[in-house]
Amino acid sequence: MISRFLLAALALMFVMGTANADQRWQRVEAVTQALDDRVPELEGLSLELPLVAEDGSSVALSVSFTGSLENGEHIEKIRLFAPGNPRPEVADITLSALASPASIATRIRLSETQQVVALAVTNQDRAFLTTRDVRVTVSGCLVGGGDASTMAMANPRLALAGSARQGQPVTVRSLINHPMETGLRPDGQADDDIEQQLVESLTVTLNDAPVLTARFFTGTSANPYLQFQLTPEEEGELKLVWQDQKGEQMETSQPVRF
Amino acid sequence: MGNPFADHLSDVLWAGALLGVVYGMIAQWSRFCLLRGLLNRWQQNDSRRLRAFALAMAVALIGSQWLAWQAGINLTRTPYHPTSLPVVALIAGGLLFGYGMALANACGARSLVLLGTGNLRSLLVLLVLGITAYMTMSGVLAEFRLWMEDLYRPTLPATDLTLITTPMGLDTTTGRLVLSGVLSLALIAWALSSQAFRTSPRDWLGGLLIGLLVAAGWWITGVLGADDFDPVRLASLTFVAPVGDSLQYLMLSTGTSLRFGVTVVAGIVMGSLLASLLTREFAWQSFTSPGHNGRAIVGGFLMGVGGIMSIGCTLGQGLSGFSTLAISSFLALAGIVAGSRLALRFSGGSATSR
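First to last, the protein sequences are chains A and B. Quick note on the numbering used here: the first sequence kicks off at 1 and runs consecutively. Quick note on the numbering used here: the second sequence kicks off at 1001 and runs consecutively.
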């Protein structure tokens, strides 16, 4: 009896211990706002980042959902936060069922050693959250921005890794050249001389049906890169449209054939 | 991650290591060294080694510009081309680097070569240099560096020497062609004007090959490392930040990935070790006095700070940066030469012979 009690107490301590270990995200306002009183499950979402980032201005990040979902349920939103940055928002990605299984890779900016937070919400309003500690050796803030003449988007790229098949996920990669000027300088303060210039969004459609929409913030690296999974049900044209803060648009497309 | 496009990375790393080995062997055999060239010229009026450096500059310039034109590499996308030119930091960094190089008796690249021959003095120089480089880049001296850079940084219409040719009505491609032709011809003409240099294959062949290696470095990162989604950062031979990177890699390798500069550094030590063993020149060497030891520490410190402020060392700015016709290279190189001259004047040049 006593031993069973002890075991239960130990198990309880273990559960509380693991729960307590990683609750720094609860003190991040941007994350709690995004959660909007939902209680996130801490299993199911996996976040990959290097343990040590040698260049804080471009840190490879990948987040994917490995848990189980109900029938007809899919991940609808993935949000990334870097609470140690001057502005915690990194990217908000809205996915449709065509962009499943939910698996995103991008490159982010980190100004200092910190815990990166990923949040996923399904279309049935279930939330998943995971965190990852990254040690940053060279602050992303130390890398200067581009000059005003190169602020325009250039050279959009799109590639499918391998051939697409009906109902089978295929990896899609996209990248556009743009300096993603944050308007911030090394001390993390806004500089009046420097205007913020970001690529604001990327919209992906297949035959005009929405696949994915990404909203980029200051935490996304220069030359915003996005990799995702596409599970096409029919052949068609995959179209990507980037839009910058000034409202300029640039697009590229590629046929998807089985 | 089964990344079907990521294979170019390992190619770049292996090619970098090979580049390092070849550089180490040639530099160990030819005694290639800007400092030695300057000191020989100033103290003994023997300019052979300085001419070897000039020839390497000319070959690097022709080779890199030809490669850039052939393979379509944009050499202005290198660190030597900041959009606004931190003039004060470049010159001050060059001066510090030059002074430190004379105190330590070798620049970063030469220290790596010497380490391979059993010179334990250069191990201390390299450790201090690598740590101070990171201190200046991202550590406690980073604020100071940023302050220096912001003192005076005009934004010029061009980041390379086409600044001069564009107002003359030449487009950038023709401008670069003309500039490369004029500069390299002048350097080659000066280098070859000496009978003593022409009859010293150690100098002319060494300079020629090292110039080619600079272009090879651009080829590795610019052609082998080209990738639509994950291009390798353009780089060639340079030895301040990579020494720091190498120390960091040794300490943090489980959490970091290998980079081009680190494999080059490792390759150089291996190449020089190999060459010195083959020629039986390998010999353990150490300090002769505490003063000698102190000079190495101060020299390494000045090179680490100065090398980051001036965006490169004798090779980084003097050969790699110069081969891209960067304005910053001319400022930094002038600073380095002036700095070693000052060291010769105020600190008595090199303490011992090598």
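Each residue gets a CB set at the ideal place from its N, CA and C atoms; glycine is no exception. These numbers were taken from a predicted model, which means no experiment stands behind them.
Own chain partners of residue i with C-beta closer than 6 angstroms, once the 5 adjacent residues on each side are dropped
i, result
"leucine 1124(B)", "Ala1296"
"threonine 203(A)", "Thr213 and Val241"
"alanine 1017(B)", "Thr1263 and Gly1267"
"leucine 1273(B)", "Gly1116"
"lysine 239(A)", "Thr205 and Ser253"
"leucine 1234(B)", "Arg1077, Thr1078, Thr1221 and Gly1222"
"glycine 56(A)", "Leu110, Val136, Val138, Ser139 and Gly140"
"serine 62(A)", "Glu48 and Ala105"
Spatially closest choice to residue i from the options, by CA coordinates
i, options, result
"glutamine 115(A)", "Ala161(A), Thr66(A), Glu76(A) and Pro50(A)", "Pro50(A)"
"valine 1088(B)", "Met1309(B), Phe1260(B) and Phe1322(B)", "Met1309(B)"
"alanine 118(A)", "Glu251(A), Gln249(A) and Ser46(A)", "Ser46(A)"
"proline 40(A)", "Ile104(A), Thr131(A) and Phe5(A)", "Thr131(A)"
"valine 172(A)", "Pro179(A), Arg185(A) and Ala105(A)", "Ala105(A)"
"cysteine 141(A)", "Ser163(A), Ala161(A), Thr182(A) and Asp133(A)", "Thr182(A)"
"alanine 1109(B)", "Arg1341(B), Phe1239(B), Gly1304(B) and Leu1331(B)", "Phe1239(B)"
"leucine 1333(B)", "Pro1290(B), Leu1096(B) and Leu1018(B)", "Leu1096(B)"
"threonine 220(A)", "Leu110(A), Phe228(A) and Ser174(A)", "Leu110(A)"
"arginine 165(A)", "Thr231(A), Asp55(A) and Met153(A)", "Thr231(A)"
"tryptophan 1147(B)", "Thr1155(B), Met1137(B) and Ile1336(B)", "Met1137(B)"
"serine 100(A)", "His74(A), Ala34(A) and Ser58(A)", "His74(A)"
"asparagine 1045(B)", "Ser1194(B), Met1168(B), Ile1210(B) and Gly1130(B)", "Ser1194(B)"
"serine 1030(B)", "Ala1275(B), Leu1061(B) and Ala1216(B)", "Ala1275(B)"
"glycine 247(A)", "Glu235(A), Phe258(A), Leu198(A) and Pro255(A)", "Leu198(A)"
"leucine 1331(B)", "Gly1093(B), Ile1188(B), Thr1279(B) and Tyr1099(B)", "Gly1093(B)"
"leucine 1187(B)", "Arg1051(B), Ala1027(B), Gln1028(B) and Trp1014(B)", "Arg1051(B)"
"threonine 1256(B)", "Ser3(A), Ala60(A) and Ala97(A)", "Ala60(A)"
"arginine 257(A)", "Leu6(A), Gly162(A), Leu42(A) and Gly72(A)", "Gly162(A)"
"leucine 1009(B)", "Arg1345(B), Pro1231(B), Ser1340(B) and Pro1167(B)", "Pro1231(B)"
"arginine 1121(B)", "Thr1314(B), Thr1132(B), Gln1065(B) and Pro1290(B)", "Pro1290(B)"
"alanine 1060(B)", "Leu1208(B), Ser1111(B) and His1081(B)", "Leu1208(B)"
"glutamate 195(A)", "Thr218(A), Leu226(A) and Pro210(A)", "Thr218(A)"
Close beta carbons around residue i, own chain, < 8 angstroms, minus the five adjacent residues each side
i, result
"glutamate 200(A)", "Arg215, Phe216, Gln243, Asp244 and Gln245"
"aspartate 1179(B)", "Reading off the sequence, residue 1179(B) comes out as leucine, not aspartate. Correct list, in chain order: Leu1161, Thr1162, Ile1164, Thr1165 and Leu1325."
"leucine 1127(B)", "Leu1247 and Gly1300"
"glycine 146(A)", "Any reading at glycine 146(A) must be qualified, since the residue scores a pLDDT of 49, below 50, and its modelled position is unreliable; the value itself is stated next. Excluding sequence neighbours, glycine 146(A) sits near Pro179, Glu181 and Ala222."
"methionine 153(A)", "Ile176, Asn177, His178, Val199, Trp242, Asp244, Glu248 and Met250"
"glutamate 237(A)", "Leu206, Asn207, Ser253, Gln254, Pro255 and Val256"
Sequence-distant residues of its chain with Cβ nearer than 7 angstroms to residue i (five each side left out)
i, result
"valine 991(B)", "Within the shown structure, residues of chain B are numbered from 1001 to 1354, placing residue 991(B) beyond reach of any answer."
"valine 52(A)", "Arg135 and Thr137"
"glutamine 26(A)", "Thr32"
"alanine 1338(B)", "Leu1095 and Gly1098"
"arginine 1357(B)", "Only positions 1001 to 1354 of chain B appear in this structure, which leaves residue 1357(B) out of reach."
Cross-chain neighbours of residue i in chain B, by beta carbon under 9 angstroms
i, result
"serine 253(A)", "Simply none; closest approach about 16 angstroms."
Interface residues of chain A facing residue i [CB-CB closer than 7 angstroms]
i, result
"alanine 1142(B)", "Leu142"
"serine 1138(B)", "Thr137, Val138, Ser139 and Leu142"
Contact set between residue i and chain A, taken where Cβ atoms lie within less than 8 angstroms
i, result
"glycine 1255(B)", "Pro50, Leu51, Val52 and Arg135"
Contacts of residue i in chain B (Cβ-Cβ under 8 angstroms)
i, result
"leucine 175(A)", "Asp1228 and Phe1229"
Chain C contact for residue i (CB, 8 angstroms cutoff)
i, result
"valine 241(A)", "You won't find chain C in this structure, because its protein chains are A and B."
- Output, in sequence order along the chain, the residues in the segment 196-217 of chain A whose CB is closer than 8 angstroms to any CB in chain B. none
- Query: Using a beta-carbon distance cut-off of less than 7 angstroms, what residues from the segment 49-83 of chain A approach chain B?
  - Reply: Pro50, Leu51, Val52 and Glu54
- Item | Near-chain B residues of the segment 232-243 of chain A (beta-carbon distance less than 9 angstroms), N- to C-terminal order | none
- Task: Write down every uninterrupted run of the beta strand (DSSP E) in the segment 1114-1173 of chain B whose length is 3 residues or greater and which is fully enclosed by it, in chain order.
- Result: none
- Which runs of the beta strand (DSSP E) spanning at least 3 residues fall entirely within the segment 159-207 of chain A, listed in chain order? 170-177 and 199-206
- Write down every uninterrupted run of the alpha helix (DSSP H) in the segment 1189-1252 of chain B whose length is 4 residues or greater and which is fully enclosed by it, in chain order. 1195-1198, 1201-1219 and 1241-1252
- Ordered list of alpha helix (DSSP H) runs contained in the segment 1050-1118 of chain B, each at least 4 residues: 1087-1104 and 1108-1116
- Chain-ordered residues of the segment 1237-1261 of chain B with a beta carbon less than 8 angstroms from chain A: Asp1245, Gln1248, Leu1252, Thr1254, Gly1255, Thr1256, Ser1257 and Arg1259
- Query: Name the residues in the segment 1140-1173 of chain B whose C-beta lies less than 7 angstroms from a C-beta of chain A; which are they?
  - Reply: Ala1142, Leu1146 and Thr1155
- Message: Please list, in chain order, the residues of the segment 104-120 of chain A that have any C-beta partner in chain B closer than 8 angstroms.
- Response: none
- Message: Short of 8 angstroms Cβ to Cβ, which residues in the segment 153-170 of chain A face chain B?
- Response: Arg157, Ala159, Ala161 and Gly162
- Can you check the segment 35-115 of chain A for any beta strand (DSSP E) of at least 3 residues that lies completely inside it and give the ranges in chain order? 45-48, 59-65, 75-81, 89-95 and 103-108
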